[in-house]
Amino acid sequence: MIDRLIMYFEFPFVRYAMLVGILIAFCSSLLGVTLVLKRFSFIGNGLSNVAFCATAVGAAIGFNNNILFVLPITIVSAVLLLCSGKNAKIKGDASLAMISVGSLAIGYLLMNVFPQSSNLAGDVCTTLFGSTAILTLGQRTWMVWLCVGLSVLVAVLFLLFYHKIFAITFDEDFAVATGIKAKAYNLLLAVVVAVIIALAMNLVGALLVSALVVFPALTAMRLFKSFKSVTICSVIVSVVCAAFGILVSILFDNLPVGSTIVAVNIAGFGIFSLIGVILRR
Amino acid sequence: MKKTLLVILLLFLTLALFAGCSENDRAENPGQGGIDVDLTAFSASMIYATVIDILSNPEDYTGKTIKAAGIYEPIYFEGIGRFRHSIIVEAPGCCPHPIEFKLSGGAQLGDYPSAGASIKIEGVFGIGEEAGFILPYLTVDDVLVIE
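Top to bottom, those sequences are chains W and B.
Numbering-wise (the working numbering), the first sequence opens with residue 69 and increments by one.
Numbering-wise (the working numbering), the second sequence opens with residue 2 and increments by one.
Take a look at the structure:
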């Protein structure tokens with residue numbers, strides 16, 4: 069098995085898949101803790117459906133570099149969702165549900181009206197569930213470097229504004245009272261989340277993105293209590309699960325990359341929950 | 002906290018350098034028995050990804066020996082006005098991609114198996130051009146029909 073893995077890693081596209089997978093897992097888990105604590109766990113799903121719809125629109129109007137079209141649309145949607153505030157006419161989960169299912173429906177409709185290949189079912193399957201899309205980065209090396217660049221940007225922003233993010237995560241009103249520009253930081257958060265979602269779609273597909281945001285954070289929370297320890301543990305859990313998921317899916321037959329990574333995350337959550345019960349945390 | 006995350010980030014950047022180096026080393030290192038890429042020994046996901054890579058970056062595989070198993074399918078290509086004798090290698094349900102192969106030595110249509118037959122082939126990869134289309138294909142000496 070080790071020989072087989074070594075042979076696989078001689079292919080550049082396998083190394084790219086591992087690199088991009090780990091970077092996406094790293095970024096999604098960084099922001100995952102904040103999103104879970106702010107009760108925005110499901111925003112990943114909503115935004116990924118928007119990204120799915122944008123992918124379909126981009127393909128229909130002939131955009132070659134689809135990510136450059138998908139990214140701004142996802143960012144605008146994230147800003148609308150995360151920054152709509154308490155006075156919005158359609159509140160909280162209702163606007164999220166509306167955007168989520170609306171985008172999914174329009175996206176699927178456009179893919180049917182403007183099919184990009186004779187294998188429509190395959191295209192939809194790949195976009196929604198990731199399938200093996202991440203293993204085909206060999207023909208899109210620019211995407212790998214875009215992912216590296218954006219991941220560094222996300223990490224740097226998180227490190228620079230760590231204390232501000234911490235403040236708006238736990239008590240936004242108090243943060244405003246202490247002079248923190250909560251709206252600006254929420255905007256920053258929305259942009260970063262949108263970038264992560266647009267990237268993560270390549271790894272696990274539109275329907276499974278939420279898992280990358282939610283599971284590592286919830287897993288870490290089984291054993292750790294402070295924001296700092298949960299964030300660090302969440303990053304480690306997410307990266308390990310993504311790497312393990314990719315390895316398992318390329319080693320064995322009939323294991324799509326995206327759903328295998330999510331399954332490993334679920335297993336991780338189960339193990340941490342069990343340890344939490346044993347340690348009575 | 003910041004130090005820990007910085008260390009993790011630096012580790013990833015090192016990984017990025019590792020991932021980016023020696024682009025074509027697989028295609029330059031022949032495997033066992035003179036076969037450079039043995040698709041019959043790969044998992045389904047790896048078969049799919051490798052076939053996509055072969056068809057997307059054919060110049061990286063030119064002159065290499067590739068072994069594959071799958072279903073024979075003659076696919077008519079209007080652009081060049083002829084059937085392309087193709088092998089559709091096993092891949093995840095949604096995503097099969099055919100690779101054209103040509104029998105060496107001026108083979109006739111009757112030398113090819115019947116459509117839908119399970120076959121195994123081993124041949125040298127090359128790139129041809131017809132009617133302005135770049136067409137990658139395998140040149141094989143023999144087609145083994147699997148019962």
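From the three backbone atoms N, C-alpha and C, an ideal C-beta is built for every residue, glycine too.
Endpoints, the beta strand (DSSP E) within which residue i is located
i: Gly129/B; result: Ser119 to Glu131
i: Phe84/B; result: Arg83 to Val90
i: Leu136/B; result: Phe134 to Val146
i: Tyr73/B; result: Thr66 to Phe78
i: Phe102/B; result: Pro99 to Leu104
Residue from the options whose Cα sits closest to the Cα of residue i
i: Tyr253/W; options: Tyr84/W, Trp210/W, Leu99/W and Arg83/W; result: Leu99/W
i: Asp142/B; options: Ile120/B, Leu11/B and Lys103/B; result: Lys103/B
i: Thr108/W; options: Tyr84/W, Ile329/W, Leu267/W and Ala258/W; result: It should be pointed out that residue 108/W corresponds to Phe in this sequence rather than to Thr. If we check each option's Cα against that of Phe108/W, Ala258/W comes out closest.
i: Phe238/W; options: Leu148/W, Gly217/W and Ser294/W; result: Ser294/W
i: Ala262/W; options: Leu105/W, Ser341/W and Ile141/W; result: Ile141/W
i: Leu103/W; options: Ala146/W, Lys249/W, Asp71/W and Val88/W; result: Ala146/W
i: Leu164/W; options: Val212/W, Asn113/W and Val192/W; result: Asn113/W
i: Ile81/B; options: Leu139/B, Ala69/B, Ile135/B and Ser44/B; result: Ile135/B
i: Val316/W; options: Met47/B, Asp37/B and Gly35/B; result: Met47/B
i: Ile147/B; options: Lys121/B, Glu131/B and Tyr77/B; result: Lys121/B
i: Tyr84/W; options: Val303/W, Val125/W, Cys215/W and Gly326/W; result: Cys215/W
i: Leu148/W; options: Val181/W, Ile111/W and Ile135/W; result: Ile111/W
i: Ile128/B; options: Tyr49/B, Ser57/B, Asp37/B and Ser44/B; result: Ser57/B
i: Leu139/B; options: Thr66/B, Thr15/B and Ser119/B; result: Thr66/B
i: Ser105/B; options: Val125/B, Asp61/B and Leu11/B; result: Val125/B
i: Phe337/W; options: Ala124/W, Cys309/W and Ser327/W; result: Cys309/W
i: Val144/B; options: Pro114/B, Glu131/B, Glu79/B and Glu130/B; result: Pro114/B
i: Asp321/W; options: Ser44/B, Asp54/B and Ala50/B; result: Ser44/B
i: Trp210/W; options: Lys232/W, Asn134/W and Val282/W; result: Asn134/W
i: Val282/W; options: Ile90/W, Met86/W, Lys106/W and Asn180/W; result: Lys106/W
i: Ala331/W; options: Ala311/W, Val169/W, Gly344/W and Ile70/W; result: Ala311/W
Range of the contiguous alpha helix (DSSP H) that encloses residue i
i: Leu214/W; result: Thr209 to Leu228
i: Phe242/W; result: Glu240 to Ala245
i: Arg72/W; result: Ile70 to Tyr76
i: Ile329/W; result: Val325 to Ile346
6 angstroms CB neighbourhood of residue i in its chain, flanking five on each side removed
i: Gly133/B; result: none
i: Ala127/W; result: Gln184
i: Ile306/W; result: Here residue 306/W is Ser; the residue named in the question, Ile, does not match the sequence. Taken in chain order, the residues that qualify are Ala93, Ser97 and Pro284.
i: His98/B; result: Val52
i: Ile236/W; result: Ala243, Ala250 and Tyr253
i: Cys95/W; result: Ser219, Val222 and Ile264
i: Leu139/W; result: Ala266
i: Leu347/W; result: none
i: Phe182/W; result: Ala128
i: Ile89/B; result: Gly71, Ile72, Glu74, Pro97 and Pro99
Proximal residues to residue i (C-beta, below 8 angstroms), its chain only, five neighbours per side dropped
i: Val362/W; result: Missing from the structure shown is residue 362/W; chain W here goes from 69 to 349 and no further.
i: Leu225/W; result: Leu256 and Val260
i: Phe229/W; result: Tyr253 and Leu256
i: Ser87/B; result: Tyr73, Glu74, Pro75, Ile76, Pro99, Ile100, Glu101 and Phe102
i: Gly117/B; result: Ile72, Tyr73 and Glu74
i: Glu29/B; result: With a pLDDT of 48 at Glu29/B, under the threshold of 50, the predicted position of this residue should be treated as unreliable, though the coordinate-derived value follows. Hits under 8 angstroms: none found.
i: Phe234/W; result: Phe295
i: Asp161/W; result: Phe110
i: Thr41/B; result: Lys68, Ala69, Ala70 and Lys121
7 angstroms Cβ shell around residue i - same chain, five flanking residues per side excluded
i: Ser171/W; result: Asn117, Val118, Phe120 and Cys121
i: Arg27/B; result: Confidence in Arg27/B is poor, its pLDDT being 49 and thus under 50, which makes the residue's placement unreliable; the coordinate value appears in the next sentence. Closer than 7 angstroms at the Cβ level, and outside the excluded window around Arg27/B, lies no residue.
i: Tyr76/W; result: Val82 and Ile318
i: Ala274/W; result: Ser116, Asn117, Ala119, Phe120, Thr195 and Leu196
i: Gly35/B; result: Thr66
Beta-ladder partner(s) of residue i, from DSSP
i: Val52/B; result: DSSP lists no partner for Val52/B.
i: Val38/B; result: Ile67/B
Near the ligand HEM: residue i beta-carbon under 8 angstroms from a heavy atom
i: Leu177/W; result: Looking at this structure, you won't find the ligand HEM or any other ligand, since it has none at all.
- prompt: In the region 102 to 151 of chain W, which residue ranges form an unbroken alpha helix (DSSP H) of at least 4 residues, counting only runs that do not cross its ends?
  reply: Counting whole runs of 4 or more residues, the region 102 to 151 of chain W contains the alpha helix (DSSP H) stretches 111 to 128 and 134 to 150.
message: At 4 residues or longer, what runs of the alpha helix (DSSP H) sit wholly inside the region 269 to 315 of chain W?
response: Taken in chain order, the whole alpha helix (DSSP H) runs of length 4 or more contained in the region 269 to 315 of chain W are 277 to 291.
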